[in-house]
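A short worksheet on the structure shown next.
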Amino acid sequence: MIDEDRKELVARLRQSGRRIIADEIERLVARAEKAEADRDASRAQVEAMREALEQCREYVASLELESLIDAALSPAENK
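So the number in this note's numbering is just where the residue sits in the sequence shown, counting from 1, plus 2.
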């Protein structure tokens, strides 16, 4: 719901004596906004973890490649 529409609805409900309903709508909207903010924060954390994991994978791959190169270039005693 658009913020202005929500404010108008709450104002009308309060004017009509339905304060409990208006308060409940405010509470539900606040809860929905918090949930959205939490989802956004979680998405950012997941993206940071994905990037860190990719860096780890690249590092491990470089170590494995380095190990293979060392084995290929080492004297015959390691073969």
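Ideal Cβ positions, reconstructed from N, Cα and C, are used throughout, including at glycine.
| Under three-state DSSP, which class holds residue 22? | helix
| request: List the whole-angstrom C-beta distance separating residue 15 from residue 23, where the pair is believed to meet the contact cut-off of C-beta under 8 Å. | output: 5 Å
| task | Run the CB neighbour count on residue 48, radius 10 Å, all protein chains shown included, and call it buried at 16 or more, exposed below. | result | exposed
| Applying the criterion that 16 or more other CB atoms from any shown protein chain within 10 Å of the CB defines a buried residue, is residue 62 buried or exposed? | exposed
| request: Inspect the beta-carbon positions of residue 12 and residue 35 and report whether they are closer than 8 Å. | output: no
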